[in-house]
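Visitor: Below you will find the structure I want to go over with you.
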Amino acid sequence: MPRNSKRSFSPQVDDPNYLTMPYLSRERWISFWYQLMEVMETKPESVLEIGPGPKIVSDILKGMEIKLTTVDIDRRLRPTVAADISRLPFGDKSFDCVLAAEVLEHIPFAEVSGALKELARVSRKAIVITLPHYSRFSPSIALKIFPFVPRVQKVFPISIFSPKHRFDGQHYWEIGKRETPISKVRQLLSGVKDFRLARDYLIEENPFHHVFVLAKT
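Sequence positions in the sequence shown follow the numbering used here and run 108 to 324.
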């Protein structure tokens, strides 16, 4: 759901067609699965998806008979409602769960707090967010002690030097860059009023994507 820092909208993506094989990589499909899993864990009857992109997650949620509303500022993507994430045209607590996957990095970091307030305002139960996490290396460790105990796997992003972020026409910031370490992002998300940061983790099969789940207190 790209936008610029001003209130007038200028598309960051010239061609809004997400249905291409380079975009729909194996890693991205895995991220779609994690989005769906975390949303469905909240047992929602209604979901608001910000920035639906190729609408893959949207279509599956609809197939699960979830009442779905999509929002994007780019009308070319044909969302249910065309709107700015910082001014959502819905009443308080309108949706059980709000999903914003790979969205918040498309606005300046200084504006993310205001966007989070809007997501929290319209959510009744939970907010699921994914964000890009920069790292040079992402080794992982997997442990399975007993056959009947699920495997435990942990990804460790490693960057000996955190580079300064340079706006690439799409991302204003990324976790792991000099200006926005993971500690700063966790602090911001932990400060969302009436919500707690229930969990966050890197997707082991796609460690460039970091998942955050906020639950209503």
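Beta carbons: idealized from backbone N, C-alpha and C, even for Gly. Model, not experiment: these values are computed from the prediction.
Within a Cβ cutoff of 6 Å, which residues of the same chain sit near L155, ignoring the five residues on either side of it in sequence?
Guide: Around L155: T176, F202, V205.
Visitor: The alpha helix (DSSP H) with F315 in it runs from where to where?
Guide: Premise fails: F315 lies in the beta strand (DSSP E), 313-323, not in any alpha helix (DSSP H).
Visitor: Between V146 and V229, is the Cβ-Cβ spacing less than 8 Å?
Guide: No. Outside cutoff.
Visitor: Is it right to say E286 is buried, meaning 16 or more other beta carbons lie within 10 angstroms of its own, or is it exposed?
Guide: Counting Cβ neighbours within 10 Å, E286 comes out exposed, since fewer than 16 surround it.
Visitor: So if DSSP puts S290 in a beta bridge, which residue, or which two residues, is it bridged to?
Guide: DSSP lists no partner for S290.
Visitor: Rounded to the nearest angstrom, what separates G170 and I192 at their Cα positions?
Guide: If I take the Cα positions, the gap works out to 25 Å.
Visitor: When burial is assigned at 16 or more other CB atoms within 10 Å of the CB, is T237 buried or exposed?
Guide: The residue is buried, with at least 16 neighbouring Cβ atoms inside 10 Å.
Visitor: Whose C-beta lies closer than 6 Å to the C-beta of P159 among residues of the same chain, with five residues either side of it excluded?
Guide: Once the five neighbours on either side are set aside, the close Cβ partners of P159 are S165, T177.
Visitor: Over what stretch of residues does the alpha helix (DSSP H) that includes Y130 continue unbroken?
Guide: Careful: Y130 lies outside any alpha helix (DSSP H) and carries neither H nor E.
Visitor: Hey, out of W136, T149, F216, whose CA is closest to K291's CA?
Guide: For K291, the nearest C-alpha among the options comes from F216.
Visitor: Out of L321, D301, P161, which has the shortest C-alpha to C-alpha gap to Y130?
Guide: It is P161.
Visitor: For N124, count neighbouring C-beta atoms within 10 Å of its own C-beta (all shown protein chains included) and say buried if the count is 16 or more, exposed if not.
Guide: It counts as exposed.
Visitor: State the Cα-Cα distance for the pair K232 and R185, rounded to the nearest angstrom.
Guide: So the two alpha carbons sit approximately 26 Å from each other.
Visitor: Do you know offhand how far L222's Cα is from E312's?
Guide: The amino acid at residue 222 is misidentified as Leu; the sequence shows Ala. Whole-angstrom Cα-Cα distance: 28 Å.
Visitor: Please report the straight-line C-alpha distance between R194 and D181, rounded to a whole angstrom.
Guide: If you take the alpha carbons of R194 and D181, they lie about 14 Å apart.
Visitor: Of the residues H278, R183, V299, which one's Cα is nearest the Cα of V210?
Guide: Of H278, R183, V299, the residue nearest in Cα terms is H278.
Visitor: Mark P314 as exposed unless 16 or more other C-beta atoms lie within 10 angstroms of its C-beta, in which case mark it buried.
Guide: Classification of P314: buried, given that the 10 Å Cβ count is 16 or more.
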